[in-house]
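Peer 1: Below: one structure in structure tokens.
2 protein chains.
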Amino acid sequence: MRAAFEPLGFAPAYLRVSEAIRARILRRELQEGEVMPTETELARQFEVNRSTVREALRKLESAGLLGRRRGGKRLVVTRPTRESVGGGLSQALALHRARVVDVWEALQAVQPGIAAAAAERHSAAALKKLEEAARIFAARDREREVAVADVASFFDALGEAAANPVFNLLNEPLLRLLKPSLAVIIDRVPQARSRIEAAQKAIVAAVKARDAKAADEWMTRHIRDFRRGYEVAGIALSTEVGEDLGGAPALS
Amino acid sequence: MRAAFEPLGFAPAYLRVSEAIRARILRRELQEGEVMPTETELARQFEVNRSTVREALRKLESAGLLGRRRGGKRLVVTRPTRESVGGGLSQALALHRARVVDVWEALQAVQPGIAAAAAERHSAAALKKLEEAARIFAARDREREVAVADVASFFDALGEAAANPVFNLLNEPLLRLLKPSLAVIIDRVPQARSRIEAAQKAIVAAVKARDAKAADEWMTRHIRDFRRGYEVAGIALSTEVGEDLGGAPALS
DNA sequence: AACATGATATTGTCCGACAATCAGACAGGC
DNA sequence: GCCTGTCTGATTGTCGGACAATATCATGTT
């Protein structure tokens, strides 16, 4: 009995519908921004009930392939945003019991490469944004948790400067998971702000000078510093990263 | 007119239901493996119609938080698999017009770190799997596209050896996107197999010796070799990675 | 204990209905 | 000309009920 039979794949209608639409989106037959036909029309075309269509649409919606304009009613073809992808990924990581040290390690692996890439091929506009991000963090020295968001912005800007969508998408979830613990660090470690500021300045300089090697090294040091931060702040490296549940339950 | 008004956030019922369930899963009040109440029961508890509940469930299903056992009817709480997360991410990357060079660059950034981590703290079992993966690739010298899957397995095994869920989840989508072009390389570049084999051997040795630095370096070289492969195989680095649409439309 | 059997529960799908509201047209007032 | 109010139609969100197919479970049989 060498070859056991696969259960023959009957998929329920709502899945087949959603796959059909998904395929057309990925094949770019449905372009980004295009408004979808109405539910009734889709039901007519697929020859299924509207309820069935709606179930299919919900799947695509939460995959980030369909969305709607602010306050809009009709669905439009969308390409998954950093947020939607990042949300899914960080949620998954939370459930996989990822620890801060795991996230840190990933950052350690990824960020230097991003910095190097950014140094090599940033555009003028991207550089401007990066400098701006660094400036903002440096300026608002007295604010509270806004600083955390500013740090994230810096990494984001760097990711954009690297002009690599892969980096951009990978960045988002890591930063999201980093934020809570970073907030603690900034609260508890007095010198954290100045160290971060210094690192950002150095990185910006390296990027500006298109010195990939220097950018890489500074970033490596920067991330290593975070680890020191954890220790000084008394955050156990084996703490599990928890999803900030209750985050933005989607706006109609 | 300093403060513009936020649109007040009314969310439709199916979203509120899905968020409610999601929150309880993330908060671990619903444990992995637990079977969900029936749709009718949920409808009763939330005081909405069953259709509404179903739409909510479809969302969670495609987020990978709910799934069902092989041929099962009831939904069970699941934690997103590598495949489900990877599918979403690689799909997003395809739509973001990521190019092979982008994916390659990300690999270049991530893999050496993974190799180093694997060297530092692999378990005996993980090492065994890694060696096994390398052995399989080396052995099946005459097979066709299975080789590609074997390469992926090697990276997978390495990711597992690194014992970091973040690495594991990041790995998956990158490998998935790499596969098609890797197949072309193996087809067109005669020496590709032996070079990969050699690199794998070296990496395994470094990991076994718990020599993080060597593992890092060999992996760096290994990935760089892929780039050479692209050039020799005549694959333009600016080729867009395309999702293999039609892949496993989900099995009932 | 393993297995066949039948009753029950549950999902997948359909139909039809209605309120809310979004989009666009249209008219009136400043 | 631009803003406001009003109207109409189209579309979504939600509901209730229905039914076939089948997974689940308790039961009885060997």
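Residue numbers (the working numbering), protein chains in the order written: chain P, -3 to 248; chain E, -3 to 248.
C-beta: ideal position from N, C-alpha, C; glycine also.
Since we're looking at a predicted model, the values are computed, not measured.
Just to make sure I have the definition right: I need the residues of chain E whose C-beta is within less than 7 Å of the C-beta of P:GLN27. Which are they?
Peer 2: What P:GLN27 touches in chain E: nothing, since even the nearest Cβ is about 11 Å away.
Peer 1: For P:ILE110, return the contacting residues in chain E, with the cut-off set at a CB-CB distance below 8 Å.
Peer 2: By Cβ distance, chain E contributes ALA105.
Peer 1: If you count every other CB in all the chains shown that lies within 10 Å of the CB of P:GLU28, and 16 or more means buried, which is it?
Peer 2: Counting Cβ neighbours within 10 Å, P:GLU28 comes out exposed, since fewer than 16 surround it.
Peer 1: For E:ALA246, which residues of its own chain have a beta-carbon under 8 Å away from its beta-carbon, when the five flanking residues on both sides are left out?
Peer 2: In this prediction, E:ALA246 has a pLDDT of 38, which is less than 50 and means its spatial position is unreliable; what the coordinates show is noted afterwards. Closer than 8 Å at the Cβ level, and outside the excluded window around E:ALA246, lies no residue.
Peer 1: Does the Cβ-Cβ distance between E:ALA326 and E:ASP221 come in under 7 Å?
Peer 2: The structure shown does not extend to residue 326 of chain E, since chain E is modelled only from -3 through 248, so no value can be given for it.
Peer 1: Can you check DSSP and say which residues form a bridge with E:LEU62?
Peer 2: According to DSSP, E:LEU62 bridges with E:VAL73.
Peer 1: With a cut-off of 7 Å, does the C-beta of P:ASN160 fall near any C-beta of chain E?
Peer 2: Taking Cβ atoms only, chain E reaches closer than 7 Å to P:ASN160, which makes this a yes.
Peer 1: Based on the DSSP secondary-structure assignment, which residues constitute the bridge partners of E:GLU236?
Peer 2: E:ARG95, per the DSSP bridge assignment.
Peer 1: Going by DSSP, what residues sit across from P:VAL31 in a beta bridge?
Peer 2: Partner(s): P:VAL72.
Peer 1: Assuming contact is defined by CB atoms lying nearer than 7 Å, are E:LEU126 and E:VAL200 in contact in what I supplied?
Peer 2: Yes, the Cβ-Cβ distance between E:LEU126 and E:VAL200 is below 7 Å.
Peer 1: Taking Cβ-Cβ distances shorter than 8 Å, what residues in chain E pair up with P:GLY60?
Peer 2: Simply GLY84, ALA88.
Peer 1: Please confirm if P:GLU30 has its CB atom under 7 Å from at least one CB of chain E.
Peer 2: Judged by the 7 Å Cβ criterion, P:GLU30 is not in contact with chain E.
Peer 1: Using DSSP with H/G/I as helix, E/B as strand and the rest coil, what is E:ALA7?
Peer 2: Residue state, collapsed to three classes: coil.
Peer 1: Please report the distance separating the alpha-carbon of E:GLY155 from that of E:GLU128.
Peer 2: Approximately 14 Å between the Cα atoms of the pair.
Peer 1: Any idea if P:GLU51 is buried or exposed, counting beta-carbon neighbours within 10 angstroms, 16 or more meaning buried?
Peer 2: Its Cβ being crowded by 16 or more others within 10 Å, P:GLU51 is buried.
Peer 1: Using the beta-carbon count (16 or more within 10 Å), is P:VAL142 buried or exposed?
Peer 2: Burial call: exposed.
Peer 1: Below 8 Å on C-beta distance, what does E:LEU165 contact in chain P?
Peer 2: LEU85, ALA88, LEU89, HIS92, listed in chain order.
Peer 1: Any heavy atom of the ligand PLP closer than 6 Å to the CB of P:ALA39?
Peer 2: The model depicted lacks the ligand PLP and carries no ligand whatsoever.
Peer 1: Short of 7 Å in beta carbon distance, which residues of its chain neighbour E:ILE182, apart from the five on each side in sequence? Order them along the chain.
Peer 2: The residues are ALA143, VAL144, ALA188, ARG189.
Peer 1: Do you know how far the Cα of E:VAL73 is from the Cα of E:ARG40?
Peer 2: One C-alpha to the other measures close to 20 Å.
Peer 1: Return the residue from the list P:ARG24, P:ARG64, P:TRP214 that minimises the CA-CA distance to E:GLY238.
Peer 2: Nearest of P:ARG24, P:ARG64, P:TRP214 to E:GLY238, Cα basis: P:ARG24.
Peer 1: If we call anything under 7 Å between Cβ atoms a contact, is E:ARG217 one with P:ARG54?
Peer 2: Their beta carbons are not under 7 Å apart, which means E:ARG217 does not touch P:ARG54 by this criterion.
Peer 1: Is the CB-CB distance between P:LEU173 and P:SER86 below 7 Å?
Peer 2: Contact: yes.
Peer 1: Can you pull the chain E residues whose beta carbon is under 9 Å from the beta carbon of P:VAL44, in chain order?
Peer 2: Within 9 Å Cβ-Cβ: nothing; P:VAL44 doesn't reach chain E, min ~14 Å.
Peer 1: Thinking just about the alpha-carbon of each residue, which of E:ALA121, E:VAL49, E:VAL185 is nearest to the one in E:GLY230?
Peer 2: With distances taken between Cα atoms, E:GLY230 lies closest to E:VAL185.
Peer 1: What in chain E is Cβ-close to P:SER47, meaning under 7 Å?
Peer 2: Those within 7 Å of P:SER47 in chain E are SER47.
Peer 1: Measure the beta-carbon distance from P:PHE150 to P:PHE133 and round it to whole angstroms, keeping in mind my assumption that it falls under 8 Å.
Peer 2: Right, the Cβ-Cβ distance comes to about 6 Å (below 8 Å), so this counts as a contact.
Peer 1: Within the same chain, show all residues whose beta-carbon is closer than 7 Å to that of P:VAL228, passing over the 5 residues directly before and after it, in chain order.
Peer 2: Cβ neighbours of P:VAL228 beyond the five flanking positions: VAL185.
Peer 1: Is there at least one Cβ from chain P nearer than 7 Å to E:ASP183's Cβ?
Peer 2: So, not an interface residue.
Peer 1: Which residue spans inside the stretch 86 to 172 of chain E form an unbroken alpha helix (DSSP H) run of at least 4?
Peer 2: Taking only runs of at least 4 residues, the alpha helix (DSSP H) segments lying wholly in the stretch 86 to 172 of chain E are 96 to 117, 120 to 135, 142 to 157.
Peer 1: Taking its Cβ as the centre, do 16 or more other Cβ atoms sit within 10 Å of P:PRO108, making it buried, or is it exposed?
Peer 2: Answer is buried; the Cβ neighbour count reaches 16.
Peer 1: What's the gap between the Cα of E:ALA111 and the Cα of P:GLU37?
Peer 2: Approximately 52 Å, taken between the alpha carbons.
Peer 1: Among residues of its own chain, excluding the 5 on either side of P:ASN45, which ones have a beta-carbon nearer than 8 Å to its beta-carbon?
Peer 2: Closer than 8 Å at the Cβ level, and outside the excluded window around P:ASN45, lie ALA39.
Peer 1: Could you say which of P:ARG78, P:ALA205, P:ALA135 lies nearest to P:PRO161 if we only look at CA atoms?
Peer 2: Of P:ARG78, P:ALA205, P:ALA135, the residue nearest in Cα terms is P:ARG78.
Peer 1: Are E:LEU233 and E:VAL99 close, meaning C-beta to C-beta below 7 Å?
Peer 2: Going by C-beta atoms, E:LEU233 is not nearer than 7 Å to E:VAL99.
Peer 1: In chain order, what residues of the same chain lie with their CB nearer than 7 Å to the CB of E:ALA179, ignoring the 5 residues before and after it?
Peer 2: Cβ within range, chain order: GLU141, VAL144.
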